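Counting from 1, one number per residue, gives the positions in the sequence shown under UniProt numbering.
The block underneath contains the structure these notes are about, expressed in structure tokens.
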Amino acid sequence: MKVYGDIQSGNCYKVKLLLAFLGIEHEWHHVNILKGDTKTAEFLSINPNGKIPAVVLDDGRCLSESNAILGYFADGTALIPSDQYEKAKMYEWLFFEQYSHEPFIAVARFIQKYQGMPESRLEEYHALQPGGNKALSIMESRLAQTDYLVGKQLTIADIAL
């Protein structure tokens, strides 16, 4: 199996973390998004959306979107609750990660880490802070009550966030 990503990307890191946690061997292929690696015909044949992470399974089928990849590999493990309500709560946190956390925190981190805080994006960077702080506050509030985001054990929601 091949995993395409950049370990500095949070979305790629969570996939690498899950694979390590589950002891799943894989071949890591570094993708440099700043150099346009995700826009090549070869990469677009793996993920037409041109984003990382992306996985090519041993049978040639491809997966993209980090949380979908987490769900695929965690299926059948304790990382996905068997209880229907807890499973729904896990998905709730995964959607929270994509819609309330990632648009603020990941974008701000990209501006800072990947682009080196260019003057042209400083205003945008600062405008993202309230949304990021709100997302972190929600997470901190939950984790002040319990060790895990869902139930009494680790789930892919914890890995995603």
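In this text, a Cβ means the ideal position worked out from N, Cα and C, and glycines have one as well.
The structure displayed is predicted, hence computed values, not measured ones.
For residue i, I'd like the list of residues in its chain whose CB is within less than 8 Å of its CB, leaving aside the five on either flank, ordered along the chain.
i, result
"M117", "I111 and Y125"
Take residue i as the anchor and find which of the options has the nearest alpha-carbon.
i, options, result
"M1", "I33, T40, S120 and I46", "I46"
"S137", "G50, L18 and S100", "S100"
"L94", "E119, S120, R109 and E65", "E65"
"I159", "G5, V55, A20 and A127", "A20"
"S82", "T155, V56, L161 and I52", "T155"
"Q129", "E102, Y148, A144 and T77", "E102"
"F104", "G71, A135, E42 and T77", "A135"
Need the endpoints of the beta strand (DSSP E) that residue i sits in, please.
i, result
"S64", "C62 to S64"
"A54", "A54 to V56"
"V3", "K2 to G5"
"E102", "Neither: E102 is in no beta strand (DSSP E) and is coded neither H nor E."
"E27", "E27 to H30"
Return the chain-ordered list of same chain residues with a C-beta closer than 6 Å to the C-beta of residue i, the five sequence neighbours on each side being excluded.
i, result
"V150", "E86, K89, M90 and A157"
"A54", "Y4, I46, N47 and S64"
"G76", "none"
Quick one: residues in its chain with C-beta nearer than 7 Å to the C-beta of residue i, no 5 flanking neighbours on either side, listed in chain order?
i, result
"K113", "Q8"
"A106", "G10"
If you count every other CB in all the chains shown that lies within 10 Å of the CB of residue i, and 16 or more means buried, which is it?
i, result
"L18", "buried"
"T38", "buried"
"L161", "buried"
"L34", "exposed"
"G23", "exposed"
For the putative contact between residue i and residue j, defined by C-beta atoms under 8 Å, what is the C-beta separation to the nearest angstrom?
i, j, result
"D6", "N32", "7 Å"
"K97", "N67", "Strictly speaking, residue 97 in this sequence is Glu, with Lys absent from that position. With a Cβ gap of about 7 Å, E97 and N67 count as contacting."
"V3", "H30", "At roughly 10 Å, the Cβ-Cβ gap does not stay under 8 Å, so V3 and H30 are not in contact."
"L57", "G50", "In fact, because the Cβ distance is near 19 Å, the residues do not count as touching under 8 Å."
"residue 198", "Q153", "Residue numbering for the chain in the displayed model covers 1 to 161; residue 198 lies beyond these limits and cannot be assessed."
Hey, could you find the ends of the alpha helix (DSSP H) residue i is sitting in?
i, result
"H126", "L122 to Q145"
"E86", "Q84 to F96"
"Y13", "G10 to L22"
"E42", "A41 to I46"
"D158", "I156 to A160"
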